[in-house]
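Engineer: Numbering (the numbering used here), first residue to last: 1289 to 1627.
C-beta atoms are modelled at their ideal positions from N, C-alpha and C, and glycine is treated no differently.
Remember, it's a predicted structure, so these values are computed and weren't measured experimentally.
Structure follows, in structure tokens:
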């Protein structure tokens, strides 16, 4: 580095409010753009047969918070973070443990955002210090393990259709539920105590078995619901993990039962809350009422015009041809005046 102070800035957490060194937020901001540009160009060139939808999925998976946190820990960058947050060490240690042999994969983790922030701030520091090429080289070197794993996972099959399928299988569970079942399924996170009071009837998946939530702990419940109907809840330590795992379970169910989404969409009108249906019916009735009223007003106006014409004709007839006599008198006066 030509400017070593940029490295110190890239490692300074925002909690260091009394430090002379600025925190990494500015470098993180520009580093995010450096990372996204490199990732998009790499994916674009590596998979020419994929459509934009699949390219977006691969990018989101590569640069998400969980992936970058893994990159941070695997390269030991967290050990150089300067912070004053007493909660960070335990959160980082928990994430490191979750990535070990007993872990359940990236989507079942809840890494502190500062881990991904420091990776992006390092990319930003390299870009600011050495320019565009230096920044891109830094991303390539640090992200090489992730990109190589991505390439191997996608190129195990040669058929382009299978490639697109494999790309979609890498979608984040929350993104999968949102895109595939948006408007049908809803994902929420509850505190265990509140869930036990308001959703006690919903089965909860805890440590490999189905249980009834008793509300005696401090965990979170990830709940999948459809039009007010509770489908499944999953208990985890944090709301982030609970939502992710609930979405992952829904994703697995939908992939196993491919016609389930179609059936849900077919029955969506029946599952809609009663008040929504009543609201739609009220709108439809009001529209018909306004249309009928407009027609009635138009007919009334036409009748009034007709009545006015008839009254005028009747008045002329009632005068015994007075109107015609007045017209003839006017003509006679004009003639006399000319003479």
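Looking at C-alpha atoms only, which residue of 1484, 1354, 1299 and 1338 is the closest neighbour of residue 1398?
Structural biologist: 1354
Engineer: Assign residue 1383 to one of two classes, buried (16 or more other C-beta atoms within 10 Å of its C-beta) or exposed (fewer than that).
Structural biologist: With 16 or more other Cβ atoms from the protein chains shown falling within 10 Å of its own Cβ, residue 1383 counts as buried.
Engineer: What does a CB cutoff of less than 7 Å around residue 1461 pick up in its chain, not counting 5 residues either side in sequence?
Structural biologist: 1395, 1532, 1535, 1536 and 1539
Engineer: When you measure from the CB of residue 1439 to every non-hydrogen atom of the ligand NAP, does any distance come out below 7 Å?
Structural biologist: Among the ligands in the structure shown, none appear at all, so the ligand NAP cannot be discussed.
Engineer: Is DSSP giving residue 1353 helix, strand or coil here?
Structural biologist: In the structure shown, residue 1353 sits in a helix (DSSP, three-state: H, G or I).
Engineer: Of the choices 1342, 1310, 1413 and 1303, whose alpha-carbon is the least far from that of residue 1320?
Structural biologist: 1413
Engineer: Output the boundary residues of the alpha helix (DSSP H) element that contains residue 1518.
Structural biologist: Careful: residue 1518 lies outside any alpha helix (DSSP H), inside the beta strand (DSSP E) at 1517-1524.
Engineer: Take residue 1503 as the anchor and find which of 1360, 1407, 1513 and 1479 has the nearest alpha-carbon.
Structural biologist: 1479
Engineer: Identify, in the order they occur along the chain, each residue of the same chain with its Cβ nearer than 6 Å to the Cβ of residue 1565, setting aside the five sequence neighbours on each side.
Structural biologist: Low confidence applies to residue 1565: its pLDDT is 47, below 50, so where it sits in the model is not reliable, and the reading given next is rough at best. The answer is none, since no qualifying residue turns up.
Engineer: Using the DSSP secondary-structure output, state which residues sit across from residue 1375 in a beta bridge.
Structural biologist: Bridge partners of residue 1375: none, in fact.
Engineer: Quick one: residues in its chain with C-beta nearer than 8 Å to the C-beta of residue 1439, no 5 flanking neighbours on either side, listed in chain order?
Structural biologist: 1334
Engineer: What is the rounded straight-line gap between the Cα of residue 1563 and the Cα of residue 1376?
Structural biologist: Its pLDDT being 49, under 50, residue 1563 is placed unreliably in this model, and the value from its coordinates should be taken loosely. Straight-line Cα distance between these residues: approximately 46 Å.
Engineer: Use the C-beta contact count for residue 1400: other C-beta atoms within 10 angstroms, 16 or more gives buried, fewer gives exposed.
Structural biologist: Per the 10 Å Cβ criterion, buried.
Engineer: Using C-beta distances below 6 Å, list every residue in its chain close to residue 1623, excluding the 5 sequence neighbours before and after it, in chain order.
Structural biologist: Unreliable placement is indicated for residue 1623, whose pLDDT of 44 sits below 50; no coordinate value is reported for it.
Engineer: To the nearest whole angstrom, what separates the beta carbons of residue 1324 and residue 1370, a pair I think is in contact under 8 Å?
Structural biologist: No, residue 1324 and residue 1370 are not in contact; Cβ-Cβ is about 26 Å, not under 8 Å.
Engineer: Starting from residue 1532, follow the alpha helix (DSSP H) in both directions and report where the run begins and ends.
Structural biologist: 1527-1544
Engineer: What residues match up with residue 1327 in a beta bridge as DSSP calls it?
Structural biologist: None, per the DSSP bridge assignment.
Engineer: Return helix, strand or coil for residue 1512, following the three-state DSSP convention.
Structural biologist: Three-state result, residue 1512: strand.
Engineer: Per DSSP, what are the beta-bridge partners of residue 1479 in this structure?
Structural biologist: 1508
Engineer: For residue 1491, which residues does DSSP report across the bridge?
Structural biologist: 1500
Engineer: With a 10 Å radius around its C-beta and 16 neighbouring C-beta atoms as the bar for buried, classify residue 1331 as buried or exposed.
Structural biologist: buried
Engineer: Any idea if residue 1482 is buried or exposed, counting beta-carbon neighbours within 10 angstroms, 16 or more meaning buried?
Structural biologist: exposed
Engineer: Identify the residues that DSSP records as bridge partners of residue 1474: which are they?
Structural biologist: 1513
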